[in-house]
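Numbering (this note's numbering), first residue to last: 2 to 507.
The beta-carbon is built from N, C-alpha and C at its ideal position, and this holds for glycine as well.
Taking it in order: structure first as structure tokens, then the write-up.
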């Protein structure tokens with residue numbers, strides 16, 4: 002039973018009692034695994050490769066689209082703190098030894114001069130210890146260096162979001178991921194008037210720091226690239242938090258109070274839905290490279306966008322034709338081929354449908370949000386996999402799935418997962434308006450049965466946490482989805498601090 006205090010908390014967050022009941026029922030019954038038809042690959046036609054002629058055509062299509070009055074937005078999830086990036090260094094601080102011992106620790110200290118944040122860290126060490134990094138290292142005072150990097154008396158990198166950390170060094174200074182995304186925006190997402198719209202989702206506690214960095218830097222990049230920036234921010238909504246449950250699937254209480262947890266990146270479908278845009282690029286904050294390596298990223302972002310607007314135009318033309326009521330059976334056959342071959346959506350009983358039912362089906366599949374997703378060849382990096390999966394309506398289409406959505410106890414499904422040739426580096430371009438120019442309500446295209454449950458603890462007590470359907474997984478389940486192979490050079494995430502020592506970030 003909910004207390005008066007519980008109800009006040011729900012009202013404050015904008016969460017209804019029905020939602021709580023729904024979420025607790027999810028803990029009770031769990032989530033079904035997705036039914037897979039196959040891992041998507043180049044061979045089975047699930048993943049497209051654009052040859053040189055196609056590339057030219059799609060790049061030209063994107064340049065033509067940018068020259069219209071359509072609004073293009075670059076959407077960057079950036080709220081995550083960098084604490085996981087420094088997990089190994091936090092462990093070193095807490096270890097019962099004082100010298101670098103693991104390979105990770107040795108690499109960090111051996112190459113400390115190569116980090117873009119070196120000068121800032123050196124200054125923090127001077128301020129707090131009266132000694133520079135080299136002097137501290139020669140005295141074997143390694144932990145003083147790390148505490149100046151991670152803790153609030155120093156650079157506070159252990160608590161800041163990744164977007165604000167110094168990643169790359171240039172002849173004229175250093176850049177954060179936020180700045181690298183501003184540069185990327187200028188290179189492929191500037192509209193006809195030279196306006197670049199970039200939207201960052203941030204946490205409330207860091208919003209002012211993001212704003213401060215934008216205020217300090219935006220004029221410099223606008224001048225350098227001859228563009229005008231429109232930078233906006235939003236925060237994950239409190240109403241997307243989910244209730245935690247105990248092991249009996251009852252609401253988890255911490256000191257008598259209901260415990261809520263953020264619903265994962267799937268919550269950002271609300272932020273995406275609030276954007277005023279025609280086309281939206283989505284890319285994670287930490288997947289950036291220095292300018293000398295941006296060529297592939299820019300080319301393939303434009304390519305994905307060109308594929309998207311080409312498919313969208315064709316879908317719109319077919320919808321206009323269906324609206325007119327003047328079409329032949331042959332034309333319907335052409336539209337079926339488009340839905341099956343270009344939009345990769347198949348229905349086994351399509352031959353049995355009468356023309357009237359066929360038109361209803363085709364309209365539904367054509368008139369929905371659309372996304373084109375870059376897929377890179379599997380090299381053992383973590384990430385969602387591309388699959389052909391069964392949808393609730395019995396159709397088979399392309400989906401990006403996490404391992405938690407696949408029944409690994411089923412040898413056939415496990416084999417499909419392990420044989421996957423590609424994975425998703427969170428590289429999406431999305432079309433979010435219908436053929437009449439109205440915004441889709443993206444919340445209507447979420448498959449709520451694709452959330453998942455994880456196990457956590459709070460103050461030593463075990464709890465179950467509910468993750469909403471992931472932003473590019475179940476939250477976009479009912480979109481038209483197309484996969485295009487992109488080179489590995491477009492995927493350079495920074496998961497640990499030592500990733501910054503990779504050649505791609507130097």
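- The Cβ neighbour count for residue 5, taken over all protein chains shown within 10 Å, is under 16; the residue is labelled exposed.
- With a minimum length of 4 residues, the unbroken runs of alpha helix (DSSP H) contained wholly in the region 103–181 fall at 104–111, 119–130, 134–139, 143–151.
- DSSP places residue 95 in the helix class (H, G or I) of the three-state scheme.
- Each residue's CA atom was taken as its position, placing residue 505 and residue 206 some 31 Å apart.
- Taking each of 48, 299, 117 in turn and checking the Cα distance to residue 191, the smallest one comes out for 299.
- Apart from sequence neighbours up to five positions away, the residues of its chain that approach residue 306 with a beta-carbon distance below 6 Å are 63, 430, ordered along the chain.
- For residue 463, the enclosing beta strand (DSSP E) has its first and last residue at 462–468.
- Taking the CA atoms as reference points, residue 393 sits about 38 Å from residue 232.
- The beta carbons of residue 487 and residue 417 sit about 22 Å from each other, so the pair does not count as a contact at 8 Å.
- With at least 16 other beta carbons inside 10 angstroms of its own, residue 158 counts as buried.
- The beta-carbon separation of residue 324 and residue 193, rounded to 28 Å, does not stay under the 8 Å limit for a contact.
- Ranking 439, 470, 425 by CA distance to the CA of residue 454 puts 470 first.
- In this structure, residue 166 keeps its C-beta atom at 9 Å or more from the C-beta atom of residue 160.
- Per DSSP, residue 364 is not a residue of any beta strand (DSSP E); the alpha helix (DSSP H) it occupies stretches across 356–367.
- Secondary structure of residue 434 (DSSP, three-state): strand.
- Non-local beta-carbon contacts of residue 155 in its own chain, meaning distances under 7 Å to residues more than five positions away in sequence, involve 125, 129, 148, 149 in chain order.
- Check the Cα spacing between residue 283 and each of 250, 240, 273, 452: the tightest is with 273.
- For residue 476, the three-state secondary structure derived from DSSP is helix.
- Residue 361 is classed as exposed because its beta carbon has fewer than 16 other beta carbons within 10 Å across all chains shown.
- The Cβ atoms of residue 178 and residue 163 lie closer than 9 Å to each other.
- For residue 336, the enclosing alpha helix (DSSP H) stretches over residues 330–338.
- Counted as a single uninterrupted DSSP element, the alpha helix (DSSP H) harbouring residue 211 occupies residues 208–226.
- The alpha-carbon of residue 247 is positioned some 24 Å away from that of residue 408.
- Pairing residue 225 with residue 466, the inter-Cα distance amounts to about 46 Å.
- Under the 10 Å beta carbon count, residue 50 is surrounded by fewer than 16 other beta carbons and is classified as exposed.
- For residue 287, the number of other beta carbons within 10 angstroms of its own is at least 16, and it is reported as buried.
- Of the residues 245, 16, 396, 23, the one whose Cα lies closest to the Cα of residue 255 is 245.
- Fewer than three beta-carbon pairs drawn from the region 490–497 and the region 307–316 are found closer than 8 Å, and the two stretches are therefore not classed as touching.
- For residue 200, the enclosing beta strand (DSSP E) stretches over residues 196–203.
- By the Cβ neighbour-count rule, residue 2 is exposed, with fewer than 16 other Cβ atoms within 10 Å of its own.
- Residue 267 has its alpha-carbon roughly 25 Å from the corresponding atom of residue 438.
- 443 is the residue among 502, 443, 501 whose C-alpha sits nearest the C-alpha of residue 480.
- For residue 73, the beta-bridge partners assigned by DSSP are 280.
- Secondary structure of residue 482 (DSSP, three-state): strand.
- One Cα belongs to residue 184, the other to residue 222, and the distance between them is close to 7 Å.
- Residue environment: residue 460 is assigned as exposed (fewer than 16 neighbouring CB atoms within 10 Å of its CB, all protein chains considered).
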